[in-house]
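>
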Amino acid sequence: MKTLIKLALASALAIGSAYGALAAEITKGTVKKVDAKAKKVTLIHEELKSLDMPAMTMVFRVQDDAILEKLKEGANIEFVAERVGGKLTVTEVK
Numbered sequence: 015m016k017t018l019i020k021l022a023l024a025s026a027l028a029i030g031s032a033y034g035a036l037a038a039e040i041t042k043g044t045v046k047k048v049d050a051k052a053k054k055v056t057l058i059h060e061e062l063k064s065l066d067m068p069a070m071t072m073v074f075r076v077q078d079d080a081i082l083e084k085l086k087e088g089a090n091i092e093f094v095a096e097r098v099g100g101k102l103t104v105t106e107v108k
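Here the sequence shown is numbered in this note's numbering, starting from 15 and rising by one per residue.
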């Protein structure tokens, strides 16, 4: 019986980890403007399915300086956007 419980727990953890990996949706976009002082970037982006948002041009916050340094006007990027403290934020750039 203990083996069955351990197996069920391991399966639940594996499914949870896989879901977490899928939750970080990568979206394509183009950098329109970078405001390093305000830690914001304007992106022309494809649909953000995880945020239920159509393709558009909008401003995102960027909390991580390392990410901000990667953003150059006119660059085509792949990024992850999430709600952080209620604000739309770029949390990863590839």
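Every residue, glycine too, gets a C-beta built ideally from N, C-alpha and C.
Buried or exposed, going by whether 16 or more other CB atoms sit within 10 Å of the CB of residue 71?
By one-based count along the sequence shown, residue 71 stands at place 57. So residue 71 counts as exposed.
> Please state the DSSP three-state secondary structure of residue 95.
Here residue 95 corresponds to residue number 81 of the sequence shown, with the count starting at 1. Strand at residue 95.
> Along the chain, where does the beta strand (DSSP E) that runs through residue 84 open and close?
Reading the sequence shown from its first residue, position 70 is the one you call residue 84. Residue 84 -> not in any beta strand (DSSP E); alpha helix (DSSP H) instead, spanning 79-84.
> Are residue 58 and residue 92 touching if we call contact CB-CB under 7 Å?
Locating residue 58 in the sequence shown gives position 44, where the first residue counts as 1. Locating residue 92 in the sequence shown gives position 78, where the first residue counts as 1. No, they are not a contact pair.
> Decide if residue 38 is buried, meaning its Cβ has at least 16 other Cβ atoms within 10 Å, or exposed.
Within the sequence shown, the letter at position 24 stands for residue 38. Classification of residue 38: exposed, given that the 10 Å Cβ count is below 16.
> Determine the DSSP secondary structure at residue 108, reduced to helix, strand or coil.
Stepping through the sequence shown from its first residue, residue 108 is reached at position 94. Correct three-state label for residue 108: coil.
> Between residue 50 and the rest of its own chain, which residues show a CB-CB distance below 8 Å, the 5 nearest in sequence each way excluded?
For the purposes of this step, residue 50 is taken as residue 36 along the sequence shown, with counting starting at 1. Taken in chain order, the residues that qualify are 82.
> Please identify the residue among 87, 42, 46 whose C-alpha is closest to the C-alpha of residue 61.
In the sequence shown, counting from the first residue as 1, residue 61 sits at position 47. For the residues 87, 42, 46, the minimum Cα distance to residue 61 belongs to 42.
> So what's residue 63 in DSSP terms, helix, strand or just coil?
Against the sequence shown, residue 63 aligns to sequence position 49. Correct three-state label for residue 63: helix.
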